[in-house]
Structures are given as C-alpha cells and as structure tokens.
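Notes follow the structure.
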Amino acid sequence: MITGDVPFEKTTDFIDCYNRFFEYHNDSFDYIFSLDIPIWGGEKNTRHLTKKNLKRFNEKSIQDSLSVIKKNPVLADKWFFVWHFKFQSQFDIWSDIFMSQNVSQYTSNYAIGGQVGLRKMAEEANGKRLDFTPFTAMAFLCLAEHLSGPLANKQFKLHVLGIYNIIDRFQLILIDKLFSSFLSEHNLPTPEITHDTINYTRSGLYDARKLKPYSFNGQSLDRYENIFKIPDSLLRKIYFNETLYNGFISERDRQKEFKEFDDVSFIVPLSVYSNLEQDLFLEHIEKQYNLCDDLSELNINRVASVILQDHPDYFSISQKDEIINNLSALQHCMKLLRNGDIEGLKVVVKHYIKMLSLDDPF
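Counting from 67, one number per residue, gives the positions in the sequence shown under the working numbering.
As structure tokens, then:
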C-alpha cells in the first residue's frame, strides 16, 4: 500500500486477506500489528488521498480484526493496535477509530507508527535538524488511554516502529523507566516497551566496512576504530563457538586484503552486540544522573550540560537541544499522566505535529 505495489482498487481485498490470515493462520506468529493504511503510495493513487478514504478503509481494517478477536478472544494478546500521528489528519482519524471501535476494551497492546524516515522528512521540510523525539507524547497518550479502559490491570505493551536514532532510543529508555515506576506505584504490571531493532542487523550487512563497534565497560563505552582493533577475548565472547569465530576471522581477513566478503552476515553479530552495548550505556546514563527518579526536580539545562561534558566521545554538542527538549517533554507529559489528563496529552501530540511541519497529503 505505502509503496504503491497494491493499487487502491485492491484495498478491500488486501484487508480481507490480512484478516483471513489473522483468523486462520494465527499459529504462525507470536504477535501481529493491526493492518494500518497510512497512505496509498504511487502517483496513480494520489487522487485517492482523501480523509474519507483514509477513515473508511482503516476503520474497516480495525472492525474486521476486532470481529476476529471477538470470535477468538485469545488473539487479543497477539494483536497490536498501530496508532498514527505524523499528520493531523492521521491523528484525528486514528483517534476517532480508537474511540468509536472501543479498542481499549479488546487489547492492552499498542504500537506507534509512521516513524520510518520521519526525521529525514521533517529535517527536509524545516531545513534543520529535528531537535525533539516525535513519539514522546504519543507514548504517554497510549498508556493513559490504556489506564482509562477496562484492561488497565493487564500488562501494557508498547512498540515503537521505525526508530534507530540514538536520541530516540535514549528517550524510549527513559519512557520505559518512567512507565515502570509509575505503574509500580499503582501495583500494576511492569510494562513491556520495545522498538524495531532491524537496524542493528542492517548496519552490519550494509555498513560492514565502516563499522566502528562499541563495548560497554560498566562506566563508559569503549569504541574501536575498526573491526581489526577489537580484542580477541571480546570477539570470542560474541562469536562463542569455533564455527562462528572462524567465519568472522575469514571475512575480516578478506576485508584486510580489500576483497569482497564471501558472507557478510558474519559481521552482523558484531553489529548487534555493538548496538546492545550502546543501549546498556544509555541505561547507565539514566541511572548515573537519576534522570527519572528525580525528573520533576531536575535542572534540565544543567544536567544536559553535564552529560555532554562527561561523555563528549558519544554525545555531540549539537544534541544538547534534543536532550533538553526531550527531558522537558517528559516532565510535562508525566505531570499530565499523573493527572489522568488525556485531553492535555492530545494537545501535546498536536503541538508536536505542528513542529514537524509536514505537508498533510489528505
């Protein structure tokens, strides 16, 4: 749909195929995202980009999926409701579908869509770097809606689609900590917060020759300028048997000799390890500066300066505004969440949409 491979005229057939798969082949997957149709790609479909079509087909998709869940309620635990907000039209329509279809009565699983390429789109539209994480308020809105519904006692799950930027990953770690603490205060289950990690693999496949891996030493990150600088003891930790280890060494030797890789997938475990180590480091940063425990009292400008000063090899001065804006957003959204102010959170989401300044195609 998004790329234009499925023509607009086949939208209903596509929805029907999805829901037949959901109903009759649910043993073949652990989780499934709702079928969201945020746009019909391709020039030939431009004339179909109307709010009427956007609501009509996405409403049908959700209605049909909920009908499947009603027949087989255990499927609700596998199904994630994907909520879009990139454009005002999308946010209004998905919010209306969420309410009119009583989604919170059926699932406690949420996902935030529309993040793929969003930073680049916003930067091109505004002519400057995006200095905030777009999904922050949406994450809080999803939790607030969950808590206001009949499934509040069930575990809340949230997946953010399409992110890989370090600042966004850092923000999600902070959101996870804040949500966990807040729900614990109310004796509710610990949430499960996740995001796409495909880039952990893709960077190994497509940027293998440029890879500069990280390893977390408990206090800071050790960075290796290339794959030849990595200690053998660390390599054997990552490539834990002789087959994997020898495969990596063979590919590394080919790079050293400026030859093409025979099997670049041997670089992938190193890339995944490096990204996971960065996540551990970001979790350490949160603990080191008590960012979440003391959030309401935090001197944001001061702590942002200290983080940049203490970790200049990882955070750049250009990221200071992002850190400040994100921590400020967390302070504000956390206050709204504590007050159960769903409408206030919607106002913040709409403010973010305006700051993205994207041309709404609908």
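In this text, a Cβ means the ideal position worked out from N, Cα and C, and glycines have one as well.
{"query": "How close, in whole Å, do the beta carbons of Phe-74 and Asn-111 come, if the pair is a contact with beta carbons under 8 angstroms?", "result": "5 angstroms"}
{"query": "For the candidate residues Ser-131, His-150 and His-398, whose alpha-carbon lies nearest to that of Leu-141?", "result": "Ser-131"}
{"query": "Are the CB atoms of Leu-227 and Ile-296 nearer to each other than 8 angstroms?", "result": "no"}
{"query": "Considering only residues of the same chain and omitting the five flanking positions on each side of Tyr-84, which have a CB-CB separation below 6 angstroms?", "result": "Leu-101"}
{"query": "Thinking Gln-397 and Leu-357 are a contact (beta carbons under 8 angstroms), I'd like their distance in whole angstroms, please.", "result": "Not confirmed; about 11 angstroms, so no contact."}
{"query": "Looking at the secondary structure, which residues open and close the alpha helix (DSSP H) in which Trp-160 lies?", "result": "154 to 166"}
{"query": "With 16 other CB atoms within 10 Å as the buried threshold, where does Met-204 fall?", "result": "buried"}
{"query": "Whole angstroms are fine: how far does the CA of Phe-222 sit from the CA of Asn-253?", "result": "13 angstroms"}
{"query": "If I follow the unbroken beta strand (DSSP E) through Ile-259, where does it start and stop?", "result": "258 to 261"}
{"query": "Can you have a look at Lys-243 and say buried or exposed, based on whether 16 or more other CB atoms are within 10 angstroms of its CB?", "result": "buried"}
{"query": "Are the beta-carbon atoms of Ser-281 and Glu-343 separated by less than 8 angstroms?", "result": "yes"}
{"query": "Would you mind reading off the limits of the alpha helix (DSSP H) that contains Leu-411?", "result": "408 to 422"}
{"query": "Can you tell me whether DSSP reads Phe-74 as helix, strand or coil?", "result": "helix"}
{"query": "Mind checking which residues open and close the beta strand (DSSP E) that includes Val-182?", "result": "Per DSSP, Val-182 belongs to no beta strand (DSSP E) and is neither H nor E."}
{"query": "Hey, would you say Leu-402 sits closer than 8 angstroms to Leu-393, going by beta carbons?", "result": "no"}
{"query": "Would you say Val-330 and Tyr-355 are within 8 angstroms of each other, going by their C-beta atoms?", "result": "no"}
{"query": "Figure out for me which residue from Lys-126, Phe-151 and Glu-349 has the closest Cα to the Cα of Phe-201.", "result": "Phe-151"}
{"query": "Given this structure, state the Cα-to-Cα distance separating Tyr-230 from Asp-273, to the nearest angstrom.", "result": "15 angstroms"}
{"query": "In angstroms with no decimal places, state the Cα-to-Cα distance between Ala-191 and Ile-264.", "result": "26 angstroms"}
{"query": "Where does Lys-278 sit, in a helix, a strand or coil, going by DSSP?", "result": "coil"}
{"query": "Between which two residues does the beta strand (DSSP E) carrying Arg-289 extend?", "result": "287 to 289"}
{"query": "Could you check which residue in Asp-426, Leu-209 and Leu-277 has the C-alpha nearest to that of Tyr-339?", "result": "Leu-277"}
{"query": "Measure the alpha-carbon distance for Ile-259 versus Glu-211 and round it to whole angstroms.", "result": "16 angstroms"}
{"query": "In whole angstroms, what is the alpha-carbon distance linking Gly-193 and Leu-422?", "result": "11 angstroms"}
{"query": "Buried or exposed: where does Leu-271 fall if 16 or more other Cβ atoms within 10 Å of its Cβ makes it buried?", "result": "exposed"}
{"query": "From what residue to what residue does the alpha helix (DSSP H) around Val-338 run?", "result": "334 to 354"}
{"query": "Buried or exposed, going by whether 16 or more other CB atoms sit within 10 Å of the CB of Glu-109?", "result": "exposed"}
{"query": "If contacts are defined as beta-carbon pairs under 8 angstroms, then Val-334 and Thr-267 qualify, I think. What distance do you get, rounded to the angstrom?", "result": "5 angstroms"}
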